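K.L.:
The listed protein sequences correspond, in order, to chains A and B.
Under our numbering, the letters of the first sequence match residues 42 to 345, in that order.
Under our numbering, the letters of the second sequence match residues 89 to 242, in that order.
One structure, as structure tokens, below. Some questions next.
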Amino acid sequence: MKSKSFVSINDLSREKILSLLEVAEKFEANPNRDVLAGKIVGSLFFEPSTRTRLSFETAANRLGASVIGFSDAATSSATKGETLKDTIMMVSSYADVIAMRHKLEGAARYASEVSPVPIINAGDGANQHPSQTMLDLYSIKKTQGTLEGLNIHLVGDLKYGRTVHSLLHAMRHFNPTFHFIAPSELRMPEEYRLFCKENNIPFTETTEFNEEVIANADIIYMTRVQRERFSDIMEYEKVKNCYRLTNEMLANTKDNLRILHPLPRVNEIAQDVDDNPKAYYFQQAQNGLYVREAIICDVLGIEI
Amino acid sequence: MSNEKKLAMQVSALCNGTVIDHIPADKLFAVVNLLNIPEMKHNVTIGNNLDSKKLGKKGLIKIADRFFTDDEINKISIVAPNVVLNTIRDYKVVEKREVKMPNEIHNLIKCNNLNCITNNEPMPTHFVVSNRDAHTLKCRYCEKEVNINDVKLL
Chain A
42 MKSKSFVSIN DLSREKILSL LEVAEKFEAN PNRDVLAGKI VGSLFFEPST
92 RTRLSFETAA NRLGASVIGF SDAATSSATK GETLKDTIMM VSSYADVIAM
142 RHKLEGAARY ASEVSPVPII NAGDGANQHP SQTMLDLYSI KKTQGTLEGL
192 NIHLVGDLKY GRTVHSLLHA MRHFNPTFHF IAPSELRMPE EYRLFCKENN
242 IPFTETTEFN EEVIANADII YMTRVQRERF SDIMEYEKVK NCYRLTNEML
292 ANTKDNLRIL HPLPRVNEIA QDVDDNPKAY YFQQAQNGLY VREAIICDVL
342 GIEI
Chain B
89 MSNEKKLAMQ VSALCNGTVI DHIPADKLFA VVNLLNIPEM KHNVTIGNNL
139 DSKKLGKKGL IKIADRFFTD DEINKISIVA PNVVLNTIRD YKVVEKREVK
189 MPNEIHNLIK CNNLNCITNN EPMPTHFVVS NRDAHTLKCR YCEKEVNIND
239 VKLL
């Protein structure tokens, strides 16, 4: 019953990451390829995520597949108490591949064990969102020409931010230097600092976010500092505007610097940054389409 | 006379079977339950709070005519990592084994993460030892790490 699934970025070797990025490049050159004609992609969003769902469904459509599924657990039989296993078994009898988002951590891994068709993890709670990580890597490689030896500044919520944790894991193959910039309440957890040490990844850590700190950055990866993450609301009020990137701050940054953000953005990137050529977050989201096309083809064993 | 010698006198020597020794006193009943001893029909002797140079107080279990596979016995390491297992045949210790934490632990411990799928679906748990020296395990599903001292048995 084992099929080839895409569950966690930690499963991917350096070679695998690079080969997926190469295929994604081909899709960027030509996103419309009819390689999945006659196939059905199951799109199971037990938890709503419009952005990710539209990206996966667009990828499926551009590959010539049809899409079935649901966009919210409220419209699935999960609300009637059906187990995840039963839902997966049912859908896998219709679909050739399943992309799923679930609020519980490990849901995609479990689904991949019970499903006869490949599972693509489109996010499992606070655990993994590996297609997001792949599009982050794609964006970094595309804008910098390489993944090797870059200065990557992670800013904002580094405690709960799933995207920054996965990015850190994935970048271990490519000799990065990390700079963690976060309020002390949302600092990078010990587990990941330890991970850096074990993998000989140099990093710095600061609570200050200013021009000086970002002067040598190749990539600034912004995340949202959310009010609900703070146990002390006063603490939130104190820091909420400290991790805001403005156009002014970019004046003396490196030419190759690009700013990434997993979106949605609220106010952590000022609107005036949008027109700066160093802003890359909208193209970053668009790159998601190409990497998702590459991932769908990969799990189905289709060569491009 | 030491408590150990007294126990040896009070309990008939084992002809064939297994002696599980050096169990920390406060883990004895966890080990008893883990090996499903209450369900066993074999002749079982359980001793606890015996003096031990190594542990201060220790527990000990003798089970007649029952032998354990490595898999069975390695489960014990989850609650008591340094237990010693003696296999007795014809009144002699023919083998002494120290239990070793297995690389993977199937359906024995609960994931501490309430948002983990294993706590919400009728399914077995599965942990992988992530760092033997630091005694950390990683849930195969939610990928959260946990220290062996913080886990609860299912």
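Using N, Cα and C, we set each Cβ at its ideal position, and we do this for glycine too.
Keep in mind it's a predicted model, so treat the numbers as computed, not measured.
Give the DSSP-derived three-state secondary structure of Met131 of chain A in the structure shown.
P.N.:
Reduced to three states, the DSSP call for Met131 of chain A is helix.
K.L.:
Answer yes or no: does any C-beta atom of chain B fall closer than 9 Å to that of Gln169 of chain A?
P.N.:
At least one chain B Cβ lies under 9 Å of Gln169 of chain A.
K.L.:
Could you check what DSSP says for Gly329 of chain A in three-state terms: helix, strand or coil?
P.N.:
Here Gly329 of chain A sits in helix by DSSP.
K.L.:
Is there contact here, the region 201-208 of chain B with the region 141-154 of chain B, by at least three beta-carbon pairs under 8 Å?
P.N.:
As far as the Cβ criterion goes, the region 201-208 of chain B does not touch the region 141-154 of chain B, which means the pair count is below three.
K.L.:
For Arg220 of chain B, would you say it is in contact with chain A, using Cβ-to-Cβ distances shorter than 9 Å as the test?
P.N.:
It does not; no Cβ of chain A falls within 9 Å.
K.L.:
Helix or strand or just coil, what does DSSP make of His214 of chain A?
P.N.:
It is helical.
K.L.:
Relative to the alpha-carbon of Ile261 of chain A, which residue among A:Asp165, A:Val138, A:Ile161 and A:Leu286 has its alpha-carbon at the smallest distance?
P.N.:
Of the listed residues, the one whose Cα sits closest to Ile261 of chain A is A:Leu286.
K.L.:
Between A:Leu301, A:Gly186 and A:Lys121, which has its C-alpha nearest Phe87 of chain A's C-alpha?
P.N.:
With distances taken between Cα atoms, Phe87 of chain A lies closest to A:Lys121.
K.L.:
Which runs of the alpha helix (DSSP H) spanning at least 4 residues fall entirely within the region 140-198 of chain B, listed in chain order?
P.N.:
For the region 140-198 of chain B, whole alpha helix (DSSP H) runs of length 4 or above, ordered along the chain, are 158-162.
K.L.:
Between Leu196 of chain B and chain A, is there a C-beta pair that is closer than 9 Å?
P.N.:
So no, Leu196 of chain B is outside the interface.
K.L.:
Counting only beta-carbon atoms, is Gly122 of chain A nearer than 9 Å to chain B?
P.N.:
With 9 Å as the cut-off, Gly122 of chain A does not count as an interface residue toward chain B.
K.L.:
Residues in its own chain within less than 7 Å of Leu176 of chain A by CB, not counting five upstream and five downstream?
P.N.:
For Leu176 of chain A, where only same-chain residues beyond five positions count, the Cβ hits under 7 Å are Gln325, Asn328, Gly329 and Val332.
K.L.:
Using 8 Å as the Cβ pair cut-off and three pairs as the minimum, do the region 102-115 of chain B and the region 124-134 of chain A touch?
P.N.:
Too few Cβ pairs lie closer than 8 Å, so no.
K.L.:
Work out the CA separation of Asp139 of chain B and Gln98 of chain B for me, nearest whole Å.
P.N.:
A caution first: Gln98 of chain B carries a pLDDT of 45, below 50, which makes its placement in the model unreliable, though a value can still be read off. Straight-line Cα distance between these residues: approximately 15 Å.
K.L.:
Any contact between the region 54-66 of chain A and the region 105-112 of chain A? By contact I mean 3 or more CB pairs, one from each, below 8 Å.
P.N.:
No: fewer than three Cβ pairs fall under 8 Å.
K.L.:
To the nearest whole angstrom, what separates the beta carbons of Ser153 of chain A and Val48 of chain A, a pair I think is in contact under 8 Å?
P.N.:
The Cβ separation is near 5 Å, so the contact holds.
K.L.:
Pairs of beta-carbons, one from the region 300-319 of chain A and one from the region 110-118 of chain B, closer than 8 Å: are there three or more?
P.N.:
The region 300-319 of chain A vs the region 110-118 of chain B: no contact.
K.L.:
What residue range is occupied by the uninterrupted alpha helix (DSSP H) comprising Met235 of chain A?
P.N.:
First, the residue type needs correcting, since residue 235 of chain A is Leu and not Met in the sequence shown. Element bounds for Leu235 of chain A: Glu231 to Glu239.
K.L.:
Who pairs with Tyr262 of chain A in a beta bridge, going by DSSP?
P.N.:
Bridge partners of Tyr262 of chain A: A:Leu195 and A:Leu301.
K.L.:
Between Ser49 of chain A and chain B, is there a C-beta pair that is closer than 9 Å?
P.N.:
Yes, Ser49 of chain A counts as interfacial toward chain B.
K.L.:
In the region 140-194 of chain A, which residue ranges form an unbroken beta strand (DSSP E) of at least 3 residues, counting only runs that do not cross its ends?
P.N.:
160-165, all fully within the region 140-194 of chain A.
K.L.:
Got a sec? Which residues, its chain only, sit under 7 Å from Tyr233 of chain A by beta carbon, not counting five neighbours each side?
P.N.:
Answer for Tyr233 of chain A: His206 and Leu209, listed in chain order.
K.L.:
Let me know if Thr187 of chain A comes out buried or exposed under the rule of 16 or more other beta-carbons within 10 Å of its beta-carbon.
P.N.:
Thr187 of chain A comes out exposed.
K.L.:
Can you have a look at His220 of chain A and say buried or exposed, based on whether 16 or more other CB atoms are within 10 angstroms of its CB?
P.N.:
His220 of chain A comes out buried.
K.L.:
Going by alpha carbons, who is nearest to Ile161 of chain A out of A:Asp273, A:Val82 and A:Glu246?
P.N.:
Here the closest residue by C-alpha is A:Val82.
K.L.:
Between Ala311 of chain A and the rest of its own chain, which residues show a CB-CB distance below 7 Å, the 5 nearest in sequence each way excluded?
P.N.:
Only Arg285, Leu286, Thr287 and Asn288 meet the Cβ criterion.
K.L.:
Helix, strand or coil: which one does DSSP assign to Cys338 of chain A?
P.N.:
DSSP places Cys338 of chain A in helix when its eight states are reduced to three.
K.L.:
Take the Cβ of Pro230 of chain A as the centre, count every other Cβ of all protein chains shown within 10 Å, and call the residue buried at 16 or more, exposed below.
P.N.:
Flag for Pro230 of chain A reads exposed.
K.L.:
Can the beta-carbon of Leu227 of chain A be found closer than 9 Å to that of Lys200 of chain A?
P.N.:
Taking 9 Å as the Cβ cut-off, Leu227 of chain A and Lys200 of chain A qualify as a contacting pair.
K.L.:
Given a threshold of 16 other Cβ atoms within 10 Å of its Cβ, counted over all protein chains shown, does Leu341 of chain A qualify as buried or as exposed?
P.N.:
Buried is the call here.
K.L.:
At a CB distance below 8 Å, what residues from the region 221-236 of chain B approach chain A? Give them in sequence order.
P.N.:
Going along the region 221-236 of chain B in chain order, one finds Cys227, Arg228, Tyr229, Cys230, Glu231, Lys232 and Glu233 with a Cβ nearer than 8 Å to chain A.
K.L.:
Tell me the residue span of the beta strand (DSSP E) that contains Leu85 of chain A.
P.N.:
Segment Ile81 to Phe86, the beta strand (DSSP E) holding Leu85 of chain A.
K.L.:
Pick helix, strand or coil for Asp313 of chain A, following the three-state DSSP scheme.
P.N.:
In this structure, Asp313 of chain A counts as helix in the three-state DSSP scheme.
K.L.:
Interface residues of chain B around Gly202 of chain A at Cβ under 7 Å?
P.N.:
Within 7 Å Cβ-Cβ: nothing; Gly202 of chain A doesn't reach chain B, min ~15 Å.
K.L.:
Applying a beta-carbon distance threshold of less than 7 Å, which residues of chain B neighbour Tyr151 of chain A?
P.N.:
Near Tyr151 of chain A (Cβ distances below 7 Å), the residues of chain B are Ile205, Glu209, Met211 and Tyr229.
K.L.:
Would Ile164 of chain B and Val187 of chain B qualify as a contact pair, given that the criterion is a beta-carbon distance under 9 Å?
P.N.:
Their beta carbons are under 9 Å apart, which means Ile164 of chain B touches Val187 of chain B by this criterion.
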